Amino acid sequence: MNPYVLATLLSSLGLGTTLTFASSHWLLPWMGLEINTLAIVPLMAQHHHPRAVEATTKYFLTQATAAAVILFASTTNAWITGEWNMTNMSDSTATTMILAALALKIGLAPMHFWMPEVLQGLDLLTGLILSTWQKLAPLTLIIQTAQAFDPFLLTALGLMSTLIGGWGGLNQTQLRKILAYSSIAHMGWMIIVLQYAPQLTLLALLMYVLMTSAAFLTLKLVFTTKVNTLATIWSKSPILTTTAALVLLSLGGLPPLTGFMPKWFILQELAKQGLPLTATVMALAALISLYFYLRLCYTMTLTISPNITTSVTPWRTQTTQASLPLALSTVMALGLLPITPAMIMLIS
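The opening position of the sequence shown corresponds to residue 1 in the UniProt record's numbering, with each subsequent residue numbered one higher.
Structure representation (structure tokens):
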């Protein structure tokens with residue numbers, strides 16, 4: 001892609017998200033979300049592959065539907081209350097519609113069906129943008145208007161996303177689909193604690209972005225999109241194999257890795273709020289997710305692949321990818337648990 005076009009599209013992505021962050025009038029976040037969608041569509045379809053075009057079409061239709069519902073619901077709210085302010089959401093129908101539309105935007109269950117299919121059709125870098133940057137704007141809107149939403153609805157969305165995110169990833173052979181279900185499960189963790197401690201939602205989002213970036217960049221470095229080709233990595237780069245396995249375990253939330261921190265805080269907060277049953281279901285759902293991460297680690301480190309590689313000997317190919325972003329995100333995805341006391345001070 002032409003570098004000028006790429007720069008324009010990436011700056012439009014930044015503009016759309018920043019516009020949504022900074023707004024308090026419902027028309028501005030709607031515009032920001034639309035700019036975001038229109039900026040990522042050419043990036044998704046740039047390879048002109050039928051899969052990529054299909055994924056782009058699905059993504060555009062779902063995002064346009066969600067944007068239309070947001071516009072309709074905010075107009076309805078303005079009609080009833082007489083103002084467009086985001087903090088004044090007194091009409092219950094409009095609030096429920098906006099929550100449903102924003103849940104569709106970020107791929108919360110049961111509005112998650114587009115997410116694995118779309119991610120499967122994209123290359124890994126665009127998939128990374130879709131899984132991280134594109135979640136920021138809708139999630140910010142959910143956090144800003146959280147007090148207006150029905151607590152039962154938020155809990156139901158969170159529980160369903162965590163369970164479906166774990167359950168859906170169990171039988172997958174495609175790594176991008178596994179990461180899509182992982183994303184759905186992590187969104188569930190963020191939503192479940194939103195009504196009690198929004199700062200924990202932000203912490204979980206930050207950790208999710210770091211861990212997902214490390215996972216996508218690792219897969220891009222080793223040119224892998226399927227589970228069975230993971231088994232060939234150890235012969236190319238044993239150190240990368242080790243860090244990749246640890247990043248996956250961090251995504252699963254195992255101590256002493258970074259991913260344990262947000263899950264620990266969220267379970268603690270749910271127990272504090274007198275919701276031991278919800279906390280137990282969330283912990284069990286995390287175990288389901290952990291199973292498919294462990295499956296990937298097992299494939300990567302403990303199996304020898306039956307694949308015969310007919311290409312150039314893989315350990316002699318040179319990569320052109322910058323390794324600094326991968327190194328930074330991997331270190332942060334693995335080693336931030338010791339700063340937990342500082343985080344407790346910040347969020348309490």
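Glycine residues also receive a C-beta, built at the ideal position from the N, C-alpha and C atoms.
Here the structure is a predicted model, which is why all the values come from computation and not from measurement.
Identity of the residues DSSP links to N85 by a beta bridge: H25
Starting from the C-beta of L210, find all residues in its chain whose C-beta is less than 6 Å away, skip the five residues before and the five after it, and write them out in chain order. These residues qualify, in order along the chain: S329, M332, A333.
Of all the alpha helix (DSSP H) runs that stay within the bounds of the segment 46–108, which reach a length of 4 or more residues? 50–81, 92–106
Range of the contiguous alpha helix (DSSP H) that encloses T299: 276–302
Round the Cβ separation of residue 349 and T299 to the nearest angstrom and send it over; I've been treating them as touching at under 8 Å. Only positions 1 to 348 of the chain appear in this structure, which leaves residue 349 out of reach.
Quick one: grab the DSSP three-state call for Q174. strand
Excluding the 5 residues flanking P29 on each side, which residues of the same chain have their C-beta closer than 6 Å to its C-beta? T20, S23, L141
Could you say which of Y208, K58, L122 lies nearest to R176 if we only look at CA atoms? L122
By a C-beta neighbour count over all protein chains shown, 10 Å radius and 16 as the cutoff for buried, is Y181 buried or exposed? buried
At the level of alpha carbons, what is the spacing between A55 and L119? As the crow flies, the alpha-carbon of A55 is around 7 Å from that of L119.
M211 lies in the alpha helix (DSSP H); which residues open and close that run? 198–221
CA-to-CA distance, S235 to I184, given in whole angstroms: 32 Å
Contact under 9 Å by Cβ, M207 with A148: no
If you measure between the beta carbons of L104 and T62, is that distance less than 9 Å? Closer than 9 Å, so yes.
What are the boundary residues of the alpha helix (DSSP H) that includes V331? 324–335
Between G32, R51, Q273, A204, which lies nearest to A67 when the distance is taken from Cα to Cα? Measuring from the Cα of A67, the nearest candidate turns out to be G32.
Cβ of P138 within 9 Å of Cβ of I178? no
Give the straight-line distance between the Cα atoms of M187 and T81, rounded to the nearest whole angstrom. 31 Å
How about A214 and T243: are their beta carbons less than 9 Å apart? yes
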